[in-house]
């Protein structure tokens, strides 16, 4: 899953990016509100982690403009401003959650995953699609025969498809959701990951189907077929 981190403290931004990368997230980072506002007009993210005290454009204004465009991406405010007034302003403008600095990285990861799950209609940490299950805490995909062994990219593709709950996702959209802005990638690389996933899911009762002109989706089927 691809996140946007907006943080003007460069050392903190770097440490948070590395920590979130280790948790399996692709992270784009902006260091001022104006750049964040601009990228949010064109890029698609699973979550925005937003500082409030930003140069050029403060975080509350970034949030206000985001919601004015009717963008429903979950927003987690992460800031040193921990007053009740600041929290109320952020929540009134459409923030989904709030953490004050310094925060525990384990809690940040847990809240990020919970917001992403809820934005896709999942209330539990255990996600299922037919015989396929996903523990979003341990980040393990399993079939009745046991856990699936996946590379990070295979994991990212399958996670996006699972979150979409059987709805088609285009190749370009998959590429945008798993690669950061700074990564050199081609949407055609998605075909490689899908091909590998199909082999690993073969005969399991769940498959990745190609819909011409629409993209890929997860589909349940008879495991004996």
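In full-length UniProt numbering, the protein residues as written are 1 to 225. Each residue gets a CB set at the ideal place from its N, CA and C atoms; glycine is no exception.
Item                                                                                                                                             : Value
Any 3 or more C-beta pairs closer than 8 Å across the stretch 208 to 218 and the stretch 120 to 127                                              : no
For residue 147, the three-state DSSP class (helix, strand or coil)                                                                              : strand
In chain order, each alpha helix (DSSP H) run of at least 4 residues that lies wholly inside the UniProt domain "Response regulatory" (2 to 116) : 10 to 22, 33 to 40, 59 to 68, 84 to 92
Through-space distance from residue 79 to residue 53, alpha-carbon basis                                                                         : 7 Å
Of the listed residues 139, 6, 56, nearest to residue 28 (C-alpha basis)                                                                         : 6
Proximity winner among 33, 38, 115, relative to residue 9 (alpha-carbon distances)                                                               : 33
Residues of its chain near residue 163, where Cβ-Cβ distance is below 6 Å and the 5 sequence neighbours each way are ignored                     : 120
Secondary structure of residue 172, DSSP reduced to three states                                                                                 : helix
In DSSP terms, what residue 215 is bridged to                                                                                                    : 211
Of the listed residues 175, 11, 64, 70, nearest to residue 92 (C-alpha basis)                                                                    : 64
Member of 204, 108, 61 whose CA lies at the smallest distance from the CA of residue 23                                                          : 108
Rounded C-alpha distance that separates residue 142 from residue 111                                                                             : 23 Å
Environment of residue 207 [buried if 16+ CB atoms lie within 10 Å]                                                                              : buried
C-alpha distance - residue 76 paired with residue 96, whole-angstrom precision                                                                   : 6 Å
Beta carbon of residue 178 nearer than 8 Å to that of residue 153                                                                                : yes
Reference residue 170; option with closest CA among 140, 209, 117                                                                                : 209
Beta-carbon contacts of residue 219 that lie in its chain and below 8 Å, excluding the five residues immediately before and after                : 166, 206, 207, 208, 209
Inter-residue Cα distance where the pair is residue 137 and residue 86                                                                           : 30 Å
Exposed unless 16 or more other CB atoms sit within 10 angstroms - verdict on residue 51                                                         : buried
Residues bridged to residue 134 [DSSP beta-bridge criterion]                                                                                     : 127, 141
Rounded straight-line distance, which links the Cα of residue 200 to that of residue 224                                                         : Any answer about residue 224 is weak, because its pLDDT of 45 lies below 50 and its placement is not dependable; what the coordinates show is given next. Going by the C-alpha atoms only, they are around 15 Å apart.
Residue 105 beta carbon less than 8 Å from that of residue 47                                                                                    : no
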